[in-house]
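As they're listed, the protein sequences go chains V and Y.
Numbered according to our numbering, the first sequence spans residues 1 to 113.
Numbered according to our numbering, the second sequence spans residues 1001 to 1900.
Glycine residues also receive a C-beta, built at the ideal position from the N, C-alpha and C atoms.
Notes to accompany the following structure.
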Amino acid sequence: MSDSTEVLQGTLDLLILKAVSLGRLHGYGVLLRIQQISGDRLQIQQGSLYPALYRLESQGYLTHEWGESENGRKAKFYRLTPAGRRRFKEETEYWQRFSDAVGLALKAMPEDV
Amino acid sequence: MSLRSRLFVWLRNSWQPSDLDREMDDEMRLHIEMSERELIRQGIPADEARRQARAAFGSIDATKDECRDALGLRLLTELRGDLRYAVRLLRRSPAFTAVAVLSLGLGIGANTAIFALVDTVLLKTMPVKEPARLYFVDNSGGKSNGSNGPPYPCFEILRDHNRFFSGLAAFDGGGPMNVIIDGTPERVRGQFASSAYFDVLGVRPILGRAFTSADDRPSAEGATDTPPAVISEVFWERRFARSPDILGKPILLGRTWVAIVGVTPRAFRGLRPGSPVDLTLPMRVSENRLTSKAYWWFSVVGRLKDGASVEEARADLDGMFQAYMTDLGLKDSSRVYFNQIALVPADRGLNDLRNDFATPLWIVMAIVGLVLLIGCANVANLLVARASARQSEIAVRLAIGASRGRLVRQLLTEGALLVTLGAAVGLVFARWGVSTLVRFLAGGQGSILLEPRFDGRLLTFVAIVAALTGLLFSIVPALHATRVDAAKPESLRTSTPGRRARIGQALVVVQVTLSLVLLSGAALFVRTLQKLNSVDAGFARHGIATMRVEAMLAPLDSSRDAHSEHAQVAQMWEGLLERLHSQPGISSVALSTMSPMARRSRGVLVDVVGSPPRSESDRSISLNHVTADYFDTFGIRLIEGRAFTDRDRATSTRVAILNRAAARLYFGDVSPIGRLVKFTGQRIQDPYEIVGVAQDTRYGSLRKDPERMAYLPLSQAVDRVGSVIVGVRAAIEPAGVVGGVRDAAAKTVPGSAVTDIITIDQQIDDSMLRERLVALLATVFGALALVLACMGVYGVLSYAVLRRTREIGVRLAIGARRGSVIWLIVRETVLLIAIALAIGIPMVLLTARYVQTQLFEITPADPLAISAAAVLLVAVGAVAAFLPARRASNVDPMVALRCE
């Protein structure tokens, strides 16, 4: 088994929000940023990235503007909207509670029951 | 993000799908390029890097689809694709498209046009404030449906003392009025109304004012100002070109001057559908009727107070009404029609027109509904035929993974496109149809003036009908088409054409059955019209023109002797008659107070001198004052005795002629000649000697049995005759004599007005307006149904021939005669039509009962009508079958055998 982990269903949105919350990014940038901040431990299906971006945008959490990429090409940059920022906070808190709970549950020993 | 901005994003993307597409393309290509560059940077060769980058990303197109999905745009994109595809298909088969769109257009158009009438006449509420709180006060216990209000003095009591109405207003039936505006005589449709009329209805004038309570004061109480007149916006536009200066303009009505004070908005044309009012005058202008305590002549409308119940309001009014009637001292026997107060909903106005036209209109609505169904069957049939032609395409699409739902959606899109085109064509037909029908109804003397609008209501109706139609004709073919088995190769799919044929046959049976119902109905209505046209009306129908001449007489003077007063007026009319006799071109002329088919009648009570008293209903009789040549002019035969002559003068023995119905009731088989009758309760009480018996004539309607009638010489009239009908038989066109009558009247009759110029033929036509309307529409739509059904038969048989080409070829090759091949095909038609008749005839017998009231002297199961329809269908079906059958017989066996 490799040391990179497939992103769980449903957590991709949260990761995208996190990536974009650190500054505006184009699509490929989002991919790189997630790999970078997860220490290359998270693998993202490239095909599923864009539908997720479009969904988040249509839900109003992201907005985009056109700019220039590092190599001087026209590129579409995503950033968080205020609603996206709120959503990111909520999702993060939820994730913390959820993973704590799951972590706790998994630590349980026969004698604790 | 707010819903609105989300909607905005969605809209922007859906409006400009190509922009979105390009943006997605740019974005994803950049992505792949960058990841390729990254791989190259890691030392992977360029070609391999490109391959890996693409592989990692996957299909751009699939991703784009998913993105559109994420935006909620996928449905739309697919719809757009379906639509484009459908347009292409329809373009490719223009004949199919034309037939389908025309079938649907005719069906939808017919339904829309008839619904426009149904809505205007039967359904629409009055354009007034809260129409549901309005009630007519009917004092005949609801029998007259609101058109019968109490006498004016009683109305005043109810108006001033009721507790549950916020207002009560009286208004009369309205009708044509002769007025003079700016010196020009004109005929306008006017009515009288009490001052609260516009307030009660909540109609606000768009210019000037409505009535105020001061306008109720009769001039006897010292009102000296000019009475006000309120005109409609339509009249304002037509006559005054919307000039704001018309306020204060004087109008002369008879001897009274009135002045325009206001204009009511366009939508409001009075409370009587079909007879719009242009001029409303206060009741006091017709003052001599206001004080009459037992004169029933107008309607009352009231607005119920909030929270008041209909029952308590009725009881409240009825208490006052009963007290009034007791005071009046009317005998119970004469209170049959005026027994109690009933409140009749007024939201849709007075319902004379509704009563007359409800059944005919619903019948026609049902007819056009059936026509649309037949059209649907046609389109369904065509679609099934085409769908089977497209089976291989559909099989391929199913095989490569298209979902059945998706395919059904595609086929439904086609249906929706067809029906939309059909509806558009239908609207054009409907516009034309509505204006034709409106002209037809307005044509008669009874002038039913309707103003249907193509408003939101009508468009909603069209949309609903179109949607149902579309669903109806495309769901069967769509489901049928997708039942294709993708896995089965084409050559093994032999069962499907059979099923397709069965669906086609079933549809044809439906079409022929419905056509039979429509044609039988049309035959019934046409036969009714024939019967009416051939019924013995008792008078000559052709070559007679009538017109009314009105005189302006001094007010009745009750102190004068009736004999001399009536004789003086009669002398004036005789002066007119004398002049008319000398007019060129007139071969026979008579004056009378009633004329056949004129729908006016004067009822009196008659007593036979020396006979025991009879019941009130037996004593009532219609009275007609006529001059000597009346019977000759109108071709009414005398059965017994003599006609009137010039020797029957005011001073000679008073004489009368009874019609047969009256003679039979009062004298049985004994001759009435020489007996005396008196008209009790009239101003002249002298006995009249019966000198003749005339044959019965139908006066009001050809449908009704003749009423009892007494004829008196005009010179011996019991009434003071204020207007007469001039009946003329002329060698020249009736229109040619009008000028002469006008001249003669101007010279002999003070303040004369000649109106209601019409021939007896026209009046008969008018009296049969409903029958003609229904017969005409039933015939037109019956013919349309026949054509549509023919197309169905032709289509199905053509397909059958095509399908059986090989079989026919084999038969011919082994020696079948061409005649037997033709029979092979025709047999199918005969079978289909036989099935349709077997279902259709019981259906006709079942449904025809509902039109019974509209028939005349034939039963709903009229064998002639039904068999005529059946024969016509069989004949036309045979013709439709003949073309494909002949094609079959001309099949070349060799070609047929090679064709597969």
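| Query | Result |
| --- | --- |
| Under 9 Å Cβ-Cβ, which residues of chain Y neighbour G47 (chain V)? | A1056, F1057, G1058, S1059, A1062, T1063 and E1066 |
| Quick check on H1031 (chain Y): does DSSP put it in helix, strand or coil? | helix |
| Does Q1716 (chain Y) come out as helix, strand or coil in the three-state DSSP assignment? | helix |
| Could you give the distance in angstroms between the alpha-carbon of Y1688 (chain Y) and the alpha-carbon of Q1682 (chain Y)? | 13 Å |
| To be precise: take each residue of the region 1028-1042 of chain Y, compare its Cβ to all Cβ atoms of chain V, and keep it if any distance is under 7 Å. Which residues remain? | M1028, L1030, H1031, M1034 and S1035 |
| Output yes if chain V places a C-beta closer than 8 Å to the C-beta of D1026 (chain Y); else output no. | yes |
| Are the CB atoms of V1310 (chain Y) and L1134 (chain Y) within a distance shorter than 8 Å? | no |
| Using 8 Å as the threshold, is the C-beta distance between T1805 (chain Y) and P51 (chain V) below it? | no |
| State the start and end residues of the unbroken alpha helix (DSSP H) segment that holds L1872 (chain Y). | P1863 to S1889 |
| Residue range of the beta strand (DSSP E) that Y1152 (chain Y) falls in? | Here Y1152 (chain Y) belongs to no beta strand (DSSP E); instead the alpha helix (DSSP H) covers Y1152 to H1161. |
| Does any CB atom of chain V fall closer than 8 Å to the CB of L1071 (chain Y)? | yes |
| How close, in whole Å, do the beta carbons of P1452 (chain Y) and L1117 (chain Y) come, if the pair is a contact with beta carbons under 8 Å? | 6 Å |
| What did DSSP end up calling F1440 (chain Y) once you bin it into helix, strand or coil? | helix |
| What residues in the region 1110-1137 of chain Y have a beta carbon less than 9 Å from any beta carbon of chain V? | none |
| Determine the DSSP secondary structure at G1105 (chain Y), reduced to helix, strand or coil. | helix |
| Go to T1546 (chain Y), then tell me how far its beta strand (DSSP E) extends in each direction, as first and last residue. | I1544 to E1550 |
| May I ask which residues mark the beginning and end of the alpha helix (DSSP H) holding E1130 (chain Y)? | Note, E1130 (chain Y): premise wrong, no alpha helix (DSSP H); not H, not E. |
| Comparing the C-beta of Y78 (chain V) with each C-beta of chain Y, is any distance below 8 Å? | no |
| Going by other Cβ atoms of all chains shown within 10 Å of its Cβ, with 16 needed for buried, is F1211 (chain Y) buried or exposed? | buried |
| How many Å lie between A75 (chain V) and P82 (chain V) at the Cα? | 22 Å |
| Along the alpha helix (DSSP H) that carries R1068 (chain Y), what are the first and last residues, could you check? | I1060 to L1071 |
| Taking the alpha carbon of L1350 (chain Y) as the reference point, which residue from Y:M1126, Y:V1774 and Y:A1785 has its own alpha carbon closest? | Y:M1126 |
| Taking the beta strand (DSSP E) that G84 (chain V) belongs to, which residues open and close that run? | Run containing G84 (chain V): none in the beta strand (DSSP E); it sits in the alpha helix (DSSP H), P82 to K107. |
| Three or more C-beta pairs under 8 Å: does that hold for the region 1738-1746 of chain Y against the region 1612-1621 of chain Y? | no |
| Output, in chain order, the set of chain Y residues within a Cβ distance shorter than 7 Å of A75 (chain V). | L1030 |
| Tell me the rounded alpha-carbon separation between S1403 (chain Y) and L1472 (chain Y). | 22 Å |
| Identify which residue in Y:F1454, Y:E1312 and Y:I1341 has its Cα closest to the Cα of N1145 (chain Y). | Y:I1341 |
| At the 8 Å Cβ level, is R87 (chain V) part of the contact set with chain Y, yes or no? | no |
| Measuring only between beta-carbons, confirm whether R41 (chain V) sits less than 8 Å from chain Y. | no |
| Closer than 8 Å, CB to CB, is G67 (chain V) near chain Y or not? | no |
| Compute the minimum distance between the beta carbon of Q1530 (chain Y) and the heavy atoms of the ligand FMN, and state whether it is under 7 Å. | Looking at this structure, you won't find the ligand FMN or any other ligand, since it has none at all. |
| Flag R24 (chain V) as yes if its beta-carbon sits less than 8 Å from any beta-carbon of chain Y, otherwise no. | no |
| Quick one: using the 10 Å Cβ neighbour count with 16 as the cut-off for buried, is W1236 (chain Y) buried or exposed? | buried |
| Which bits of chain V does E1023 (chain Y) rub up against, with CB to CB less than 8 Å? | K76 |
| Count the other CB atoms within 10 Å of the CB of Y94 (chain V); is the residue buried (16 or more) or exposed (fewer)? | exposed |
| Considering only DSSP beta bridges, list what R1647 (chain Y) is partnered with. | DSSP, once it has assigned bridges, lists no residue as partnering R1647 (chain Y). |
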